[in-house]
Amino acid sequence: MTLRLTTTFTALLAASPALAEVNIYSQRQPELIAPITEAFTAKTGIETNVVYLDQGLTERLSAEGSRSPADVLMTVDIARLAQAVEAGVTQPVDSSVLQDNIPAQFRDPGNQWFGVTSRARIVYASKDRVADGEVTTYEDLVDPKWQGRICTRSGTHPYNLALLSAMIEHHGYDAAKDWALGLKANLARKPQGNDRAQVKAIWAGECDISLGNTYYMGEMLEDPEQTEWANSVRIIFPTFENGGTHMNVSGVAMTSAAPHREDGLKFMEFLASPEAQEIYAQANHEFPVKPGVPRADLVASWGDFTADAVNLMDLAALRGDALRLMEEIDFDG
Ligand SMILES: [Fe+2]
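Count along the sequence shown from 1, add 1022, and you get the number used in the numbering used here.
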């Protein structure tokens, strides 16, 4: 009797549309992904449940282990994606849709995570005090002409560690150390604040150029208090002398527990679809990863650039070196 009941119950549940759901642990702001999850549910009938975790996503998945209700995780920055893989809370996903839609440098060679949007780490330059063409490479930033004119957030912030990892990848540890020392020598003040605080400092006349991620231009323009800061600078896409502009991603991965694996895969493939890529492009000032998907008008207005082609997992492997380097030279000191 018990067995029969259980079987019937299971069969009922399996046939119930209510079972079609995807549980998402997200380090991205809920409002950023709401338009995507709504479009996914409208298209597939699969519900989504989003748990927003500002911090500790990997730790929570580790603690929950195989009992975790999470199917997919969404986060930003290669360091966090690599950390999740290292902690064993993800599983590989073999999908031709994901492989076809996402360029190789923006996904894990082992298929453990997939980039869904990209952002560039660029130079914000004072419209008044920096002329066109004065900065074309990251290497330019150590030119003595910038002495006392550069602002940046902490050298050990993940965004700057990824950039330094790319410098190590392109030129080797010793040359990257010289570069970081040269950059430190050109700083207008000790590293402090976030990327937007540097643009504020340019607006206030404390420095003339800063390092920052592209999407913050969009965020500043949407914030009445910060619009003036944004309007005092323009975006320059530097390249490495032997490469392109440094990129990072927001990404998605299937959790190792994934109780709704099939629907989770549908969600991941939806994220890489032209439809979701376009929603993303309009919603958050990032670049779609799928080639051919148009950028939002504002994002397109920043101009074209050549993305660095290095695979982000190669940069993740250099993160330890980058951190050691920043500590060796006491970059923030
Ligand atoms: Fe950010």
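In this text, a Cβ means the ideal position worked out from N, Cα and C, and glycines have one as well.
(1) DSSP state of GLY1137, grouped into three classes?
(2) Quick check: the Cα distance between PRO1281 and LEU1185, rounded to an integer number of angstroms?
(3) Using only the heavy atoms of ligand 1, determine whether one of them is closer than 8 Å to the beta carbon of VAL1098.
(4) Check whether the Cβ of ASP1076 sits closer than 8 Å to any heavy atom of ligand 1, and report yes or no.
(5) Going by the C-beta, is ASN1235 closer than 8 Å to any heavy atom of ligand 1?
(6) Taking the alpha-carbon positions, what's the ASP1230 to ILE1144 distance?
(7) On a Cα-Cα basis, can you pick out the residue from ILE1224, LYS1206, VAL1157 and ALA1142 that is closest to ALA1188?
(8) Mind reading off the beta-carbon distance from SER1254 to SER1323? Whole number of angstroms is fine, and I expect it under 8 Å.
(9) Cα separation between ALA1303 and PRO1310?
(10) Among ALA1126, ASN1071 and SER1117, which residue has its Cα nearest to the Cα of GLU1043?
(11) Between which two residues does the alpha helix (DSSP H) holding ASN1182 run?
(12) Could you pull the start and end residues of the beta strand (DSSP E) that ALA1275 belongs to?
(13) Taking buried to mean at least 16 other C-beta atoms within 10 Å of its own C-beta, is ASP1357 buried or exposed?
(14) Sorry if obvious, but does the Cβ on TYR1160 come closer than 8 Å to a heavy atom of ligand 1?
(15) Is any heavy atom in ligand 1 found nearer than 8 Å to the beta carbon of ASP1217?
(16) Would you report the Cα separation of ILE1190 and PRO1246, rounded to the nearest angstrom?
(17) Measuring CB to CB, does VAL1315 end up less than 9 Å from GLN1127?
(18) Whole angstroms is fine: what's the gap from LEU1334's alpha carbon to ASN1133's?
(19) Grouping DSSP H, G and I as helix and E and B as strand, with all else coil, what is PHE1309?
(20) Where does the unbroken beta strand (DSSP E) through GLU1069 begin, and where does it stop?
(21) Taking ARG1346 as the reference, give the member of ASP1285, THR1178, ASP1162 and ASP1217 with the closest Cα.
(22) Mind checking whether the beta-carbon of TYR1238 lies closer than 8 Å to any heavy atom of ligand 1?
Short version:
(1) In the sequence shown, counting from the first residue as 1, residue 1137 sits at position 115. Reduced to three states, the DSSP call for GLY1137 is strand.
(2) Within the sequence shown, numbered from 1, the residue matching residue 1281 stands at position 259. Within the sequence shown, numbered from 1, the residue matching residue 1185 stands at position 163. Near 36 Å, if we compare the C-alpha coordinates of LEU1185 and PRO1281.
(3) Within the sequence shown, residue 1098 is the residue found at index 76, counting from 1. Yes, the Cβ of VAL1098 comes within 8 Å of a heavy atom of ligand 1.
(4) Counting from one through the sequence shown, the residue named residue 1076 turns up at place 54. Flag unset: Cβ of ASP1076 not near ligand 1.
(5) Looking up residue 1235 in the sequence shown gives position 213. Within the cutoff, so yes.
(6) Taking the sequence shown and counting its residues from 1, the one referred to as residue 1230 is at position 208. Taking the sequence shown and counting its residues from 1, the one referred to as residue 1144 is at position 122. Looking at the two C-alpha atoms, the distance is approximately 14 Å.
(7) One-based indexing of the sequence shown puts residue 1188 at position 166. Nearest of ILE1224, LYS1206, VAL1157 and ALA1142 to ALA1188, Cα basis: ALA1142.
(8) For the purposes of this step, residue 1254 is taken as residue 232 along the sequence shown, with counting starting at 1. For the purposes of this step, residue 1323 is taken as residue 301 along the sequence shown, with counting starting at 1. That belief does not hold up - the Cβ atoms of SER1254 and SER1323 are roughly 16 Å apart, past 8 Å.
(9) The residue you call residue 1303 lines up with position 281 of the sequence shown. The residue you call residue 1310 lines up with position 288 of the sequence shown. Cα to Cα, ALA1303 sits roughly 6 Å from PRO1310.
(10) What you label residue 1043 is simply residue 21 of the sequence shown in a count that begins at 1. Ranking the options by Cα distance to GLU1043, first place goes to ASN1071.
(11) If you number the sequence shown from 1, residue 1182 lands on position 160. 1180-1193 is the span of the alpha helix (DSSP H), which, as asked, contains ASN1182.
(12) The sequence position of residue 1275 within the sequence shown is 253, counting from 1. Where ALA1275 is concerned, the enclosing beta strand (DSSP E) stretches over 1269-1277.
(13) Here the chain comprises residues numbered 1023 to 1355, so residue 1357 is not present and cannot be evaluated.
(14) Walking along the sequence shown from the start, residue 1160 turns up at place 138. No, the Cβ of TYR1160 stays beyond 8 Å of every heavy atom of ligand 1.
(15) As a position in the sequence shown, residue 1217 is number 195, starting the count at 1. Indeed, a heavy atom of ligand 1 lies less than 8 Å from the Cβ.
(16) Indexing the sequence shown from 1 puts residue 1190 at position 168. Indexing the sequence shown from 1 puts residue 1246 at position 224. If you take the alpha carbons of ILE1190 and PRO1246, they lie about 38 Å apart.
(17) For the purposes of this step, residue 1315 is taken as residue 293 along the sequence shown, with counting starting at 1. For the purposes of this step, residue 1127 is taken as residue 105 along the sequence shown, with counting starting at 1. No, they are not a contact pair.
(18) By 1-based counting over the sequence shown, the position of residue 1334 is 312. By 1-based counting over the sequence shown, the position of residue 1133 is 111. Between LEU1334 and ASN1133, the C-alpha separation is close to 13 Å.
(19) If you number the sequence shown from 1, residue 1309 lands on position 287. Strand at PHE1309.
(20) The residue you call residue 1069 lines up with position 47 of the sequence shown. Unbroken beta strand (DSSP E) run through GLU1069: 1069-1074.
(21) The residue labelled residue 1346 in the question sits at position 324 within the sequence shown. That would be THR1178, whose Cα lies nearest to the Cα of ARG1346.
(22) As a first step, residue 1238 is located in the sequence shown; it is residue number 216 there, counting from the start. Flag set: Cβ of TYR1238 near ligand 1.
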